[in-house]
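*Asks:* Here it is: the structure, laid out below.
Residue numbers (the numbering used here): 384 to 541.
Okay, structure coming up:
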């Protein structure tokens with residue numbers, strides 16, 4: 384029996400936008416928009432980012448981490464599969480993350496877009512299994528919060 388460390392975690396991030404659901408949903412569905420807030424970051428170089436946004440489609444991101452990261456020069460790989468999409472309402476996807484050749488996590492993510500008032504209430508739910516050597520739930524949530532902050536700027540045109 385393998386005695387590797389395994390940590391399960393779920394976190395939920397809710398955001399309100401003064402934009403309609405179509406605009407918020409497009410930040411996930413449009414390859415150019417998604418690349419700007421999801422792939423481009425402060426401490427990495429984008430090696431690859433592809434998005435096939437449809438049920439059964441894949442998203443692949445590869446980054447070379449820079450000297451400010453815990454693993455300078457290492458390739459970080461994210462692979463996602465879109466499981467279910469209801470335009471402007473729901474995205475369900477599964478994801479894996481590797482650091483170099485080591486798998487560090489697997490997750491299920493849902494993003495709900497609910498019209499409300501003059502805008503959209505978004506509910507982002509991440510269910511993760513973090514393997515030995517992973518960044519862990521706290522760092523993953525902090526990373527998603529930072530990316531969703533960049534997404535907010537993308538949606539609001541800042």
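Ideal Cβ placement from N, Cα and C applies to all residues, glycine included.
Under the rule that 16 or more other beta-carbon atoms within 10 Å means buried, what is residue 539, buried or exposed?
*Replies:* Looking up residue 539 in the chain shown gives position 156. Its Cβ having fewer than 16 others within 10 Å, residue 539 is exposed.
*Asks:* On the criterion of 16 or more Cβ atoms from any shown chain inside 10 Å, does residue 511 qualify as buried, or is it exposed?
*Replies:* Along the chain shown, read from residue 1 onward, the residue named residue 511 stands at position 128. Buried.
*Asks:* On the three-pair Cβ rule with 8 Å, is the stretch 469-478 touching the stretch 395-413?
*Replies:* Yes: at least three Cβ pairs fall under 8 Å.
*Asks:* Here's the rule I'm using: 16 or more other beta-carbon atoms within 10 Å means buried, otherwise exposed. How should residue 460 be labelled?
*Replies:* Start at 1 with the first residue of the chain shown, and residue 460 comes out as number 77. It counts as buried.
*Asks:* Taking all protein chains shown into account, decide if residue 443 is buried (16 or more other Cβ within 10 angstroms of its Cβ) or exposed.
*Replies:* As a working mapping, residue 443 is identified with position 60 in the chain shown. Exposed: under 16 other Cβ atoms inside 10 Å.
*Asks:* For the putative contact between residue 397 and residue 494, defined by C-beta atoms under 8 Å, what is the C-beta separation to the nearest angstrom?
*Replies:* Taking the chain shown and counting its residues from 1, one reaches residue 397 at position 14. Taking the chain shown and counting its residues from 1, one reaches residue 494 at position 111. Not confirmed; about 11 Å, so no contact.
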